[in-house]
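Asks: The following block contains the structure, expressed as C-alpha cells.
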Amino acid sequence: MIQKGDKKIIRGWVMYDWANSVYNLVISSAIFPIFYDTQSKIVYAENNNIADWKKIPEGTKVTIDFFGQQLSNSVIYSFVLSASFLVVALLSPILSGIADYTGSKKRFLQFFCYFGSFAAMSLYFFDAHYAEIGMLSIFIASIGFWNSLVFYNAFLPEIAEPIDQDKISARGFSMGYLGSMILLVFCLIWIQVLHYEVKWCFVFVGVWWIGFSQFTYRVLPINVHGKKPEPGYIWRGFRELKLVFKEFKRTKRLKRYLYAFFFFNTGVQTVMLMATIFANKEIQWPEGADTSGLIIAILLIQILGALGAFLMSRLSNKIGNIYTLMFSVALWIGLCVFAFFIKTPNEFYTMAAGVGLVMGGVQAIARSTYSKFLPPTTDSASYFSFYDVTEKIGIVFGTFFFGFMEYITNSLRMSVMSVTAFFVIGFILLFFVPKKEIELETTH
Numbered sequence: 001m002i003q004k005g006d007k008k009i010i011r012g013w014v015m016y017d018w019a020n021s022v023y024n025l026v027i028s029s030a031i032f033p034i035f036y037d038t039q040s041k042i043v044y045a046e047n048n049n050i051a052d053w054k055k056i057p058e059g060t061k062v063t064i065d066f067f068g069q070q071l072s073n074s075v076i077y078s079f080v081l082s083a084s085f086l087v088v089a090l091l092s093p094i095l096s097g098i099a100d101y102t103g104s105k106k107r108f109l110q111f112f113c114y115f116g117s118f119a120a121m122s123l124y125f126f127d128a129h130y131a132e133i134g135m136l137s138i139f140i141a142s143i144g145f146w147n148s149l150v151f152y153n154a155f156l157p158e159i160a161e162p163i164d165q166d167k168i169s170a171r172g173f174s175m176g177y178l179g180s181m182i183l184l185v186f187c188l189i190w191i192q193v194l195h196y197e198v199k200w201c202f203v204f205v206g207v208w209w210i211g212f213s214q215f216t217y218r219v220l221p222i223n224v225h226g227k228k229p230e231p232g233y234i235w236r237g238f239r240e241l242k243l244v245f246k247e248f249k250r251t252k253r254l255k256r257y258l259y260a261f262f263f264f265n266t267g268v269q270t271v272m273l274m275a276t277i278f279a280n281k282e283i284q285w286p287e288g289a290d291t292s293g294l295i296i297a298i299l300l301i302q303i304l305g306a307l308g309a310f311l312m313s314r315l316s317n318k319i320g321n322i323y324t325l326m327f328s329v330a331l332w333i334g335l336c337v338f339a340f341f342i343k344t345p346n347e348f349y350t351m352a353a354g355v356g357l358v359m360g361g362v363q364a365i366a367r368s369t370y371s372k373f374l375p376p377t378t379d380s381a382s383y384f385s386f387y388d389v390t391e392k393i394g395i396v397f398g399t400f401f402f403g404f405m406e407y408i409t410n411s412l413r414m415s416v417m418s419v420t421a422f423f424v425i426g427f428i429l430l431f432f433v434p435k436k437e438i439e440l441e442t443t444h
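FYI, the numbering used here numbers position 379 of the sequence shown as 379, with every residue one higher than the one before it.
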C-alpha cells in the first residue's frame, strides 16, 4: 500500500507523459507521414521510369505494391491506421479489466511501452519496396502507444487524491507537450540544418520513449493494493461496458450527446491523423521546403491548440458547453471546405492556425461535457471506458472512410471534403441534446 500524494511517485508518473508523447507528435503527426510519402514517390518514380521523383506531375496518383495490389500510398496509410485502432478498441475493455482487477499494471505498462518503442525504432529500416513490413511497424507502434496509456491512466487514482487528479493530469499533459515539442524541433534541426537522414528521427523517438520511461518504472509500485487476480477479470471490462450501454437507454441527454460526439469527434480525429499526408501531397511547396514547412505548421497547431482550449473554456462559461461545441463544429465545417480549395503554403498555414485554435478547444470541451452529463454513479471509470472505446471506434470508421473515398474517387481532396459529413451530422445531432439537466438515477 502506498501513500497517495507521494511527490516522488507523482513526478515519476508524470515523466511517462514526457516519454511517450514524442510518438504521437513526431511519428503520427509530423515526421513519418512526410517520410512515408517521399519514399512512396521514389518507388513510384522507379516503377514508372521517372528519373527524378520530384518531377512526378502534380495530381498524379502515387501507388505502391501492397500485398500484390497497386494502391495509393495514402489509402494504405489510412487503412493501416484504421486496423490498428480497431485492435486498440477491441483490446481496451480487456486491458481495462486487467488494469482494474490485477496488480500487474506496471508490468503491462512496460510491455506495451517496449512493444511500441521498438516498433517505432524499426521504422529506421522502412523501405517502400516492401511496404507490408514497414506498415506493420506503424501498426504495432500504434497499438503499443495507445494500449500503454490504458495502464498509465489507471495509476492516477491510485497515486493521487481526487482533488489533485485534474492538476496532476494537466501537469502530465504539459510535460508531454513540452517534451514532444523539444524532440520535434531537434528533428527539424537534424534534417534541415545538419542534413542528416530523416530515418534517425524514428530511432530518437524510441530511445526517448524507453529512456525517459525508466524514471517512471523506477518509482511506480508493482502492486499498489496487493491485489490478486479475480476470476473472470479478463472479460469484466466487456461486462462493464454492457451495463453502461444499458444505462444509456435511461439517460436521454447523455445518449444523444454521445451520438453527436461520435460523429464530430470522428471528423476531428480523422483530420488530425491524415492532415500531414494531405498537405505533403496536395500543397505546392517550394522545392525542398515541404518538410520544414509542414513541421512549422504542426508546431503552430500545437501552440495555438493551448490557446484555443483556453478561449473555448471561457466561451463555454458564457454560453454553455453545447453551444460552444456547436460553434466549434461549425468552424471545423468551414475549415474542411477551405481545405478542399487550398494549394499554397500560406493558405495551408492559415488553415493550420484555424485547426490549432479549434482542435484543443473542441477536445477539452467534449470530454468535460461528457463528464458533466454523467448520471450519479460510483463507477465513472466504466463510463469513461465506454467514452474511450466510442472514440477509438470513431477513428476506425473515419480513417477507413477517408481512405475508401480516395480509393473510389482517386482524389485526396474529395476525401477531405467527405469528412465534412461527420461534422455536419454531429452539428445537427447537437441540436437535439437537451440543454437543461434531467434528473436521472443509475443502478450501475
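Ideal Cβ placement from N, Cα and C applies to all residues, glycine included.
Fair warning: this is a prediction, and the values are worked out from it, not measured in the lab.
Please name the residue in Gly361, Pro345, Ala339 whose C-alpha comes closest to that of Phe310.
Replies: Start at 1 with the first residue of the sequence shown, and residue 310 comes out as number 310. Minimum Cα distance to Phe310 is reached at Gly361.
Asks: With a cut-off of 8 Å on the beta carbons, I'd call Phe202 and Phe422 a contact; round off their distance for me.
Replies: In the sequence shown, residue 202 corresponds to position 202, counting from 1. In the sequence shown, residue 422 corresponds to position 422, counting from 1. Not confirmed; about 31 Å, so no contact.
Asks: Which same chain residues, not among the five before or five after Glu439, have their C-beta less than 8 Å away from its C-beta?
Replies: Taking the sequence shown and counting its residues from 1, one reaches residue 439 at position 439. At Glu439 the pLDDT is 48, less than 50, meaning the model places this residue with poor confidence and gives no usable figure here.
Asks: State the start and end residues of the unbroken alpha helix (DSSP H) segment that holds Ser371.
Replies: Walking along the sequence shown from the start, residue 371 turns up at place 371. From DSSP, the alpha helix (DSSP H) with Ser371 extends over 345 to 373.
Asks: Which residue wins for smallest C-alpha separation from Phe397, given the options Phe432, Ile140, Val268?
Replies: Here residue 397 refers to the residue found at position 397 of the sequence shown. Closest by alpha carbon: Val268.
Asks: For chain C, check one thing: does any of its Cβ atoms lie closer than 8 Å to the Cβ of Phe173?
Replies: Of the protein chains in the structure, only one exists, and it is not chain C.
Asks: Helix, strand or coil: how does DSSP classify Asp65 here?
Replies: Position 65 of the sequence shown, counted from the start, is the residue given in the question as residue 65. Looking at Asp65 - three-state DSSP - the assignment turns out to be strand.
Asks: Closest to Gln165 by C-alpha separation, out of Tyr323, Phe32, Val14, would be which residue?
Replies: To locate residue 165, count along the sequence shown from 1; it is residue 165. Nearest C-alpha to Gln165: Val14.
Asks: Identify whether Leu71 lies in helix, strand or coil by the three-state DSSP scheme.
Replies: Here residue 71 is taken as the residue at index 71 of the sequence shown, counted from 1. DSSP places Leu71 in strand when its eight states are reduced to three.
Asks: Quick check on the DSSP output: the alpha helix (DSSP H) that includes Gln214 runs from which residue to which?
Replies: Here residue 214 refers to the residue found at position 214 when the sequence shown is read from its first residue. Run containing Gln214: 200 to 219, per the alpha helix (DSSP H) assignment.
Asks: Taking 8 Å as the cut-off, decide whether the C-beta atoms of Ile27 and Tyr114 are in contact.
Replies: Position 27 of the sequence shown holds residue 27. Position 114 of the sequence shown holds residue 114. No; because the gap between Cβ atoms is not below 8 Å, this pair is not in contact.
Asks: Between the Cα of Val87 and the Cα atoms of Ile425, Gly394, Phe404, Gly403, which residue gives the shortest distance?
Replies: Here residue 87 refers to the residue found at position 87 when the sequence shown is read from its first residue. Taking only the C-alpha atoms, the option nearest Val87 is Gly394.
Asks: Does the distance from the C-beta atom of Leu429 to that of Ala260 stay below 8 Å?
Replies: Here residue 429 corresponds to residue number 429 of the sequence shown, with the count starting at 1. Here residue 260 corresponds to residue number 260 of the sequence shown, with the count starting at 1. In this structure, Ala260 lies closer than 8 Å to Leu429 by Cβ.
Asks: Please classify Lys41: is it buried, with 16 or more other beta-carbons within 10 angstroms of its beta-carbon, or exposed?
Replies: The residue given as residue 41 occupies position 41 in the sequence shown. Counting Cβ neighbours within 10 Å, Lys41 comes out buried, since at least 16 surround it.
Asks: Which residue from Phe348, Phe427, Tyr23, Phe404 puts its Cα closest to that of Phe466?
Replies: Nothing can be reported for residue 466: it is not among the residues displayed for the chain, which extend from 1 to 444.
Asks: Taking a contact to mean a Cβ-Cβ separation below 8 Å, would you say Asn321 touches Thr369 in this structure?
Replies: In the sequence shown, counting from the first residue as 1, residue 321 sits at position 321. In the sequence shown, counting from the first residue as 1, residue 369 sits at position 369. Taking 8 Å as the Cβ cut-off, Asn321 and Thr369 qualify as a contacting pair.
Asks: From Thr442 to Tyr217, what distance separates their C-alpha atoms?
Replies: In the sequence shown, counting from the first residue as 1, residue 442 sits at position 442. In the sequence shown, counting from the first residue as 1, residue 217 sits at position 217. At Thr442 the pLDDT is 45, less than 50, meaning the model places this residue with poor confidence; the figure from the coordinates comes in the next sentence. One C-alpha to the other measures close to 38 Å.
Asks: Ser40 lies in the alpha helix (DSSP H); which residues open and close that run?
Replies: Within the sequence shown, numbered from 1, the residue matching residue 40 stands at position 40. It spans 31 to 47 - the alpha helix (DSSP H) in which Ser40 sits, taken as one unbroken run.
Asks: Nearest by alpha-carbon distance to Pro157: which of Asp127, Ile143, Lys105 is it?
Replies: One-based indexing of the sequence shown puts residue 157 at position 157. Ranking Asp127, Ile143, Lys105 by Cα distance to Pro157 puts Lys105 first.
Asks: Among Ile31, Ala339, Gly426, Ile64, which has the Cα closest to the Cα of Ser180?
Replies: For the purposes of this step, residue 180 is taken as the residue at position 180 of the sequence shown. Minimum Cα distance to Ser180 is reached at Ile31.
Asks: On a Cα-Cα basis, can you pick out the residue from Ser29, Phe212, Glu287 that is closest to Ser117?
Replies: The sequence position of residue 117 within the sequence shown is 117, counting from 1. If we check each option's Cα against that of Ser117, Phe212 comes out closest.
Asks: I'd like to know whether the C-beta atoms of Ala119 and Ile133 end up nearer to each other than 8 Å.
Replies: Looking up residue 119 in the sequence shown gives position 119. Looking up residue 133 in the sequence shown gives position 133. The answer is no: Cβ separation not under 8 Å.
Asks: Could you tell me whether the Cβ atoms of Phe262 and Thr390 are closer together than 8 Å?
Replies: Position 262 of the sequence shown holds residue 262. Position 390 of the sequence shown holds residue 390. The answer is yes: Cβ separation under 8 Å.
Asks: Taking Cβ positions, are Ala154 and Phe66 nearer each other than 8 Å?
Replies: One-based indexing of the sequence shown puts residue 154 at position 154. One-based indexing of the sequence shown puts residue 66 at position 66. Against a cut-off of 8 Å, the Cβ pair of Phe66 and Ala154 comes out as no contact.
Asks: Which term fits Met414, buried or exposed, when burial requires 16 or more other beta carbons within 10 angstroms of its beta carbon?
Replies: For the purposes of this step, residue 414 is identified with residue 414 of the sequence shown, where counting begins at 1. Classification for Met414: exposed.
Asks: Cutting at 8 Å between CB atoms, please list the residues of its own chain near Arg367, excluding the five before and the five after it.
Replies: Mapped onto the sequence shown, residue 367 falls at position 367. These residues qualify, in order along the chain: Tyr387.
Asks: Nearest-angstrom Cα distance between Leu178 and Trp18?
Replies: Position 178 of the sequence shown, counted from the first residue, corresponds to residue 178. Position 18 of the sequence shown, counted from the first residue, corresponds to residue 18. Leu178 and Trp18: Cα-Cα distance of roughly 7 Å.
Asks: Which residue's Cα is closest to the Cα of Ile295: Ala279, Glu287, Gly305?
Replies: Start at 1 with the first residue of the sequence shown, and residue 295 comes out as number 295. Among Ala279, Glu287, Gly305, the Cα nearest to that of Ile295 belongs to Ala279.
Asks: On the CB-based measure, 16 or more other CB atoms within 10 Å of its CB, does Val185 come out buried or exposed?
Replies: Counting from 1 along the sequence shown, the entry for residue 185 is found at position 185. Val185 is exposed by the Cβ-count criterion.
Asks: Alpha carbon to alpha carbon, how far is Ser328 from Met351?
Replies: Numbered from 1 along the sequence shown, position 328 holds the residue referred to as residue 328. Numbered from 1 along the sequence shown, position 351 holds the residue referred to as residue 351. So the alpha carbons of these two residues sit roughly 14 Å apart.
Asks: Could you compute how far the alpha carbon of Trp208 sits from the alpha carbon of Tyr349?
Replies: As a first step, residue 208 is located in the sequence shown; it is residue number 208 there, counting from the start. As a first step, residue 349 is located in the sequence shown; it is residue number 349 there, counting from the start. Those two C-alpha atoms are separated by around 29 Å.
Asks: Quick one: grab the DSSP three-state call for Gln284.
Replies: Numbered from its first residue, the sequence shown carries residue 284 at position 284. Coil, per DSSP.
Asks: For Thr378, count the other beta carbons within 10 Å of its own beta carbon; 16 or more makes it buried, fewer makes it exposed. Which is it?
Replies: Mapped onto the sequence shown, residue 378 falls at position 378. Residue placement at Thr378 cannot be trusted, given a pLDDT of 49 that sits under 50; what the coordinates show is reported in the next sentence. When all chains shown are included, Thr378 counts as exposed.
Asks: Thinking C-alpha only, which one of Gly305, Ile34, Gly59 is nearest Gly293?
Replies: As a position in the sequence shown, residue 293 is number 293, starting the count at 1. With distances taken between Cα atoms, Gly293 lies closest to Ile34.
Asks: Taking just the CA atoms, how far does Trp332 sit from Thr399?
Replies: Within the sequence shown, residue 399 is the residue found at index 399, counting from 1. Within the sequence shown, residue 332 is the residue found at index 332, counting from 1. If you take the alpha carbons of Thr399 and Trp332, they lie about 17 Å apart.
Asks: How should Ser371 be labelled, buried or exposed, when 16 other C-beta atoms within 10 angstroms of its C-beta is the threshold for buried?
Replies: Looking up residue 371 in the sequence shown gives position 371. Classification of Ser371: exposed, given that the 10 Å Cβ count is below 16.
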